[in-house]
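Reading through the structure tokens given below for one structure.
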Amino acid sequence: MGDLNQLDWVLEHRARVRGPILEVGSKDHGNTNDFRAHFQGLRYVGADMEPGKGVDVVCDFTEPFESTSKRLDGLRFSTGICLSVLEHSSQPFIMAENLTRLLEPGALLFLSVPWVWNLHGFPDDYWRFSPSAVRVLFPAFEVDENASHWSTKNRGERLPLSQRKFNLHESMFFKSPGLADELRAKGLTNFQHPYYCYPVMLNMLLQKKP
Numbered sequence: 193m194g195d196l197n198q199l200d201w202v203l204e205h206r207a208r209v210r211g212p213i214l215e216v217g218s219k220d221h222g223n224t225n226d227f228r229a230h231f232q233g234l235r236y237v238g239a240d241m242e243p244g245k246g247v248d249v250v251c252d253f254t255e256p257f258e259s260t261s262k263r264l265d266g267l268r269f270s271t272g273i274c275l276s277v278l279e280h281s282s283q284p285f286i287m288a289e290n291l292t293r294l295l296e297p298g299a300l301l302f303l304s305v306p307w308v309w310n311l312h313g314f315p316d317d318y319w320r321f322s323p324s325a326v327r328v329l330f331p332a333f334e335v336d337e338n339a340s341h342w343s344t345k346n347r348g349e350r351l352p353l354s355q356r357k358f359n360l361h362e363s364m365f366f367k368s369p370g371l372a373d374e375l376r377a378k379g380l381t382n383f384q385h386p387y388y389c390y391p392v393m394l395n396m397l398l399q400k401k402p
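Just so you know, the sequence shown maps onto residues 193 to 402 in the working numbering.
Set out below in structure tokens:
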């Protein structure tokens, strides 16, 4: 259940999506988006730590793998969707390993994690990630550089993964009307601190090696 930028991103690559699909963190909290509706005809399993709308299986991905696999009826998936979830796991290495084992060779993984973001709950908020951190967590995957990017809270604002400067002093990050208007509203048009960084999500499309 990601934001609109994440929904747009996944749908841009829908032609590559195969079923069955596993969405990790699928509970509808009222301010998220229904990815399932865009993949009618493909087997779709929504998993979360607690029951609710959009949840087919209640599952903790930091449990031993055998338990996780059993809850998912032993299924192996061709596509994984894990958006704004990994930062909420107290054991990201275990969660990443379990997710890796649940995805078959050649499977896609749409992964969105925060690089710079405000603290937020559900049920807690532990981590921020760089591209290198994602590669360490998912060594069995190749990164599709051309399909991966950074994004802000504003729909449509993104930069290629190769971009490394995000502070206002050096690059103004995204030179877009949305960002400019928001900064003006906050009185930050003349803000010169070199380490001020606008909220940034890291969106990486990974493919499991054969």
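Just so you know, even glycine gets a beta-carbon here, dropped at the ideal spot from N, CA and C.
Check	Outcome
What separation, rounded to the nearest whole angstrom, lies between the Cα atoms of S363 and H280?	Residue placement at S363 cannot be trusted, given a pLDDT of 46 that sits under 50; what the coordinates show is reported in the next sentence. In a straight line, the C-alpha of S363 is about 30 Å away from that of H280.
Compute the distance between the beta-carbons of S343 and E349, then report whether it is under 8 Å.	yes
Note down the Cα distance separating G331 from A377, rounded to an integer number of angstroms.	Per the sequence presented here, residue 331 reads as Pro, with Gly not at that position. About 42 Å.
Suppose you measure from the CA of M287 to the CA of L278; what does that come to, to the nearest Å?	8 Å
Could you tell me the distance, in whole angstroms, from the CA atom of A295 to the CA atom of N346?	This sequence places Leu at residue 295; Ala is not what is there. If I take the Cα positions, the gap works out to 31 Å.
Using only the alpha-carbon positions, how far apart do S304 and V216 sit?	11 Å
Can you tell me which residues form a DSSP beta bridge with H280?	Beta-bridge pairing links H280 to no other residue.
Along the chain, where does the alpha helix (DSSP H) containing T260 start, and where does it finish?	F257 to R263
Assuming V326 is part of the alpha helix (DSSP H), what are its boundary residues?	P323 to L329
DSSP three-state label for L294, please.	helix
How about R249 and R263: do their beta carbons lie closer than 8 Å?	Here residue 249 is Val; the residue named in the question, Arg, does not match the sequence. Yes, they are a contact pair.
If you check the beta carbons only, do S282 and Y318 fall under 8 Å apart?	yes
Are M393 and V335 close, meaning C-beta to C-beta below 8 Å?	no
Please report the straight-line C-alpha distance between T271 and L291, rounded to a whole angstrom.	11 Å
Is the beta carbon of G233 closer than 8 Å to that of P402?	no
Please list the terminal residues of the continuous beta strand (DSSP E) segment that includes D240.	Y236 to D240
Can I273 and V202 be called in contact, C-beta distance under 8 Å?	yes
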